[in-house]
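Residues in the sequence shown are numbered consecutively from 649, following this note's numbering.
To start, the structure itself, in structure tokens.
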Amino acid sequence: MSAVWVDEAANAVPADKQAKIERETHKLEKRLCRQMGQAIVDFNMIEEGDRVMVCMSGGKDSYGMLDILQKMQQRAPIRFELVAVNLDQRQPGFPAHILPEYLKNQGVEYHIETQDTYSIVKRNIPEGKTMCSLCSRLRRGILYSVARRLKCNKLALGHHRDDMLQTFFLNMFFGGKLKGMPPKLCSDNGEFVVIRPLAYVAEKDLQRWAVHRAFPIIPCSLCGSQENLQRVQVGNMLREWEKQYPGRTETMFTALQNVAPSHLMDSRLFDFKGVAPTGVEDEAGDKAFDAETFAPPSLPGLQTVVA
Ligand code: SF4
Numbered sequence: 649m650s651a652v653w654v655d656e657a658a659n660a661v662p663a664d665k666q667a668k669i670e671r672e673t674h675k676l677e678k679r680l681c682r683q684m685g686q687a688i689v690d691f692n693m694i695e696e697g698d699r700v701m702v703c704m705s706g707g708k709d710s711y712g713m714l715d716i717l718q719k720m721q722q723r724a725p726i727r728f729e730l731v732a733v734n735l736d737q738r739q740p741g742f743p744a745h746i747l748p749e750y751l752k753n754q755g756v757e758y759h760i761e762t763q764d765t766y767s768i769v770k771r772n773i774p775e776g777k778t779m780c781s782l783c784s785r786l787r788r789g790i791l792y793s794v795a796r797r798l799k800c801n802k803l804a805l806g807h808h809r810d811d812m813l814q815t816f817f818l819n820m821f822f823g824g825k826l827k828g829m830p831p832k833l834c835s836d837n838g839e840f841v842v843i844r845p846l847a848y849v850a851e852k853d854l855q856r857w858a859v860h861r862a863f864p865i866i867p868c869s870l871c872g873s874q875e876n877l878q879r880v881q882v883g884n885m886l887r888e889w890e891k892q893y894p895g896r897t898e899t900m901f902t903a904l905q906n907v908a909p910s911h912l913m914d915s916r917l918f919d920f921k922g923v924a925p926t927g928v929e930d931e932a933g934d935k936a937f938d939a940e941t942f943a944p945p946s947l948p949g950l951q952t953v954v955a
């Protein structure tokens, strides 16, 4: 009896430290809700009567997305439905019981779709070649058919702010495009609206939330596929920049919401051929001989992202 008492006392967190942890967690929860709520409003992601298929991979991001979406659902002035869906691709060692148990406890409607895409990919891709493109194509097709069957009109994906920035730089460095990851867009088959309710949320906040909520994370390396090296490199670059120049991530993210087509070079977005003197002063016009100044951005988006 006394041994138990001694152990508990030794492990006890001091009251002031505990209070600080609780305050921080409360602030984190408020921030996650505020940022998701803001993204939903800014991009009109969810509307009355929507039936949203929440795509669950078993990673921290999809758990966090579902968790906060459920809170939103309770508070929202509109009615919408959530259906959590996981595709069990039959990867060796996939712990198939974890997600159904968790989702059942959460009280959310859910569906586990089991389809052995792993064997198809293994059969069709030579050893040593990357499997991801066939794997994700198969997954997309299956998830569309599940959404159709479950009568969902929207698909929610768990990409966050840092994923979006990474994609932007990947497209620029390796794809020769200024193109990020959309917060909301029609699916490529034209049938559904794809939304990313975590668009304003920082990955580090999702990491902290996952620890706080003790999500039963399923490791993402089960298929044994190589990590996307380019994405890893860009992720490291962004983290390094943020370390050296704190705040740079927010500034870059704000830039995605603050595009000036007249100051880029895409003639499909701006009619350069038709430019002629207007006779009217315009702050956004070319300052010709002035050196450029770079003031910090002052968009609502920045306040949204910054804690
Ligand atoms: S990492 Fe694995 S599960 Fe993910 S797309 Fe690639 S092959 Fe498929």
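Yeah, the Cβ is synthetic: ideal placement off N, Cα and C, and Gly gets one too.
Quick caveat: nothing in here was measured; it's all calculated off a predicted structure.
Inter-residue Cα distance where the pair is residue i and residue j
{"i": "E839", "j": "N801", "result": "8 Å"}
{"i": "F816", "j": "V849", "result": "16 Å"}
{"i": "K938", "j": "F901", "result": "With the sequence shown as reference, residue 938 is identified as Asp, and Lys is not the correct amino acid for it. The straight-line gap from Cα to Cα measures roughly 27 Å."}
{"i": "T673", "j": "P845", "result": "20 Å"}
{"i": "P774", "j": "C783", "result": "13 Å"}
{"i": "A667", "j": "A660", "result": "13 Å"}
{"i": "E888", "j": "Q881", "result": "10 Å"}
{"i": "C871", "j": "S767", "result": "11 Å"}
{"i": "C868", "j": "M779", "result": "14 Å"}
{"i": "I688", "j": "E695", "result": "9 Å"}
{"i": "P748", "j": "A795", "result": "18 Å"}
{"i": "I726", "j": "V842", "result": "19 Å"}
{"i": "V954", "j": "R771", "result": "Because the pLDDT of V954 is 38, which lies under 50, any placement of that residue in the model is unreliable, and the number read from its coordinates should be weighed accordingly. Approximately 47 Å, taken between the alpha carbons."}
{"i": "K678", "j": "G685", "result": "10 Å"}
{"i": "R788", "j": "V733", "result": "13 Å"}
{"i": "A908", "j": "R916", "result": "13 Å"}
{"i": "E729", "j": "L833", "result": "19 Å"}
{"i": "P662", "j": "W857", "result": "22 Å"}
Residue i beta carbon near the ligand SF4 (any heavy atom closer than 6 Å)
{"i": "C783", "result": "yes"}
{"i": "C871", "result": "yes"}
{"i": "M779", "result": "yes"}
Endpoints, alpha helix (DSSP H) assigned at residue i
{"i": "Y750", "result": "746 to 754"}
{"i": "V849", "result": "Careful: V849 lies outside any alpha helix (DSSP H) and carries neither H nor E."}
{"i": "T926", "result": "Unbroken run through T926: none, as it is neither H nor E."}
{"i": "H674", "result": "663 to 690"}
{"i": "I716", "result": "708 to 723"}
{"i": "T815", "result": "809 to 823"}
{"i": "T899", "result": "896 to 903"}
Selection from the options that minimises the alpha carbon distance to residue i
{"i": "L676", "options": "I688, N692, I716, G707", "result": "I716"}
{"i": "H759", "options": "R785, I790, R844", "result": "I790"}
{"i": "V700", "options": "Q721, V689, D690", "result": "Q721"}
{"i": "Y750", "options": "I865, A932, D919", "result": "I865"}
{"i": "G933", "options": "Y711, S910, N819, S915", "result": "S910"}
{"i": "C669", "options": "G895, T897, V859", "result": "Just to set this straight, residue 669 is Ile in the shown sequence, not Cys. Checking every option, the nearest Cα to that of I669 belongs to V859."}
{"i": "R879", "options": "C681, G712, F822, M684", "result": "F822"}
{"i": "L803", "options": "R809, D810, S793", "result": "S793"}
{"i": "I746", "options": "D810, A862, T765, D664", "result": "A862"}
{"i": "V731", "options": "Q737, R723, R738, S710", "result": "S710"}
{"i": "K825", "options": "E931, D914, M693", "result": "D914"}
{"i": "F942", "options": "T899, V928, L912, L680", "result": "T899"}
{"i": "N876", "options": "G806, R682, S781", "result": "S781"}
{"i": "L904", "options": "D853, E890, A847", "result": "A847"}
{"i": "L714", "options": "N692, V756, Q683", "result": "V756"}
Residue span of the beta strand (DSSP E) that contains residue i, given as start and end
{"i": "K802", "result": "802 to 804"}
{"i": "D736", "result": "729 to 736"}
{"i": "V700", "result": "699 to 703"}
{"i": "T778", "result": "Note, T778: premise wrong, no beta strand (DSSP E); not H, not E."}
{"i": "K770", "result": "Here K770 belongs to no beta strand (DSSP E); instead the alpha helix (DSSP H) covers 765 to 772."}
{"i": "L833", "result": "832 to 834"}
{"i": "E888", "result": "Taken as a continuous stretch (DSSP letters only), E888 belongs to no beta strand (DSSP E), being part of the alpha helix (DSSP H) at 877 to 892."}
{"i": "H759", "result": "757 to 762"}
{"i": "I865", "result": "No beta strand (DSSP E) contains I865, which DSSP labels as neither H nor E."}
Query raised in the report: Does the count of Cβ pairs from the stretch 690 to 706 and the stretch 727 to 742 closer than 8 Å reach three?
Result: yes
Report task. Could you tell me whether the stretch 796 to 815 touches the stretch 825 to 840, using the rule of 3 or more Cβ pairs below 8 Å? Result -> Yes: the two stretches touch, three or more of their Cβ pairs being nearer than 8 Å.
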